[in-house]
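**Student:** Heads up: the sequence shown runs through residues 178 to 367, numbered per our numbering. Built from N, CA and C at the ideal position, the CB exists for glycine as well. Handing you this structure, nothing more for now.
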Amino acid sequence: MAVFEGNFHQGSPRRFALVIGRFNDLITEKLLAGCQDCLKRHGVDINPHGDQVDYAWVPGSFEIPMVARQLALTGRYNAIICLGAVIKGQTPHFDYVAAEVSKGIAAAGFQTGVPIVFGVLTTDTLQQALERAGIKSNLGWNYAMSALEMSSLMGQIQALPSESQGSLVGTVSPPLPSAAVAPAQSTSGT
Ligand code: INI
Numbered sequence: 178m179a180v181f182e183g184n185f186h187q188g189s190p191r192r193f194a195l196v197i198g199r200f201n202d203l204i205t206e207k208l209l210a211g212c213q214d215c216l217k218r219h220g221v222d223i224n225p226h227g228d229q230v231d232y233a234w235v236p237g238s239f240e241i242p243m244v245a246r247q248l249a250l251t252g253r254y255n256a257i258i259c260l261g262a263v264i265k266g267q268t269p270h271f272d273y274v275a276a277e278v279s280k281g282i283a284a285a286g287f288q289t290g291v292p293i294v295f296g297v298l299t300t301d302t303l304q305q306a307l308e309r310a311g312i313k314s315n316l317g318w319n320y321a322m323s324a325l326e327m328s329s330l331m332g333q334i335q336a337l338p339s340e341s342q343g344s345l346v347g348t349v350s351p352p353l354p355s356a357a358v359a360p361a362q363s364t365s366g367t
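Spelled out as structure tokens, the structure:
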């Protein structure tokens with residue numbers, strides 16, 4: 178039998194996508210900086226014009242899951258990191274946005290088999306968010322570590338002989354791009 182454990186160094190260059198919410202960008206830009214710092218110091222080329230990291234900006238956390246899922250379905254990425262900040266004090270939107278983004282990111286990971294890191298802060302106050310985005314620590318760094326670890330771990334598991342993979346859809350690698358590009362079925366004439 179075996180023990181599977183992700184590592185943090187790249188045997189071969191891996192590709193990552195970062196999905197970042199513009200809402201509360203005072204926070205999300207700091208999370209992004211922490212995330213980039215960690216990736217860079219682990220040998221990842223973070224240049225948006227390079228081969229390893231793509232960036233997608235979305236209006237707010239609510240939109241993150243849709244874009245993360247679509248990126249995962251391309252089969253291009255070893256892991257996707259979602260960065261957002263949902264702050265309770267600001268609006269009653271909080272509960273809806275926080276619930277949808279967390280469920281949506283989990284669903285996108287299950288559906289595609291691509292590790293999708295939940296890097297969305299949900300805090301009561303702006304002060305708490307700032308503390309997690311650089312004042313005390315920067316969780317952006319931790320989210321990047323999770324992406325490095327999970328991309329390694331999933332790579333090991335996906336490399337197993339197929340008899341060990343069972344028939345679980347979520348373990349298929351790469352994810353089926355046809356699901357992303359299949360045109361909507363026409364109902365005319367039926
Ligand atoms: N988006 C966030 O990322 N954080 C929030 O705190 C937030 N609040 O509180 O409203 C928020 N709302 C915007 C939402 O994510 C969507 O972009 C918007 O509803 C359009 O769909």
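When the distance is taken between beta carbons, is GLU182 closer than 8 Å to LEU330?
**Tutor:** Yes, Cβ-Cβ distance for LEU330 and GLU182 is below 8 Å.
**Student:** Evaluate contact between the segment 266-282 and the segment 203-221, counting only Cβ atoms and requiring at least three cross-stretch pairs below 8 Å.
**Tutor:** no
**Student:** Among LEU307, VAL294, GLY332, which has the Cα closest to the Cα of ALA194?
**Tutor:** VAL294
**Student:** By a C-beta neighbour count over all protein chains shown, 10 Å radius and 16 as the cutoff for buried, is ALA306 buried or exposed?
**Tutor:** buried
**Student:** The ligand INI heavy atoms versus the CB of ILE282: any closer than 7 Å?
**Tutor:** no
**Student:** So is VAL180 buried or exposed if we call it buried at 16+ other beta carbons inside 10 Å?
**Tutor:** exposed
**Student:** Taking one C-beta from the segment 287-302 and one from the segment 222-236 each time, how about it: are there three or more such pairs within less than 8 Å?
**Tutor:** no
**Student:** Going by DSSP, what residues sit across from CYS259 in a beta bridge?
**Tutor:** Paired residue(s): VAL196, PHE295.
**Student:** Quick one: give me the first and last residue of the alpha helix (DSSP H) that ASP214 is part of.
**Tutor:** Taken as a continuous stretch (DSSP letters only), the alpha helix (DSSP H) holding ASP214 covers 202-218.
**Student:** Rounded to a whole number of angstroms, what is the C-alpha to C-alpha distance between TYR273 and MET178?
**Tutor:** 43 Å
**Student:** Out of curiosity, what's the CA-to-CA distance linking ASP202 and PHE271?
**Tutor:** A straight line joining the alpha-carbon of ASP202 with that of PHE271 spans about 16 Å.
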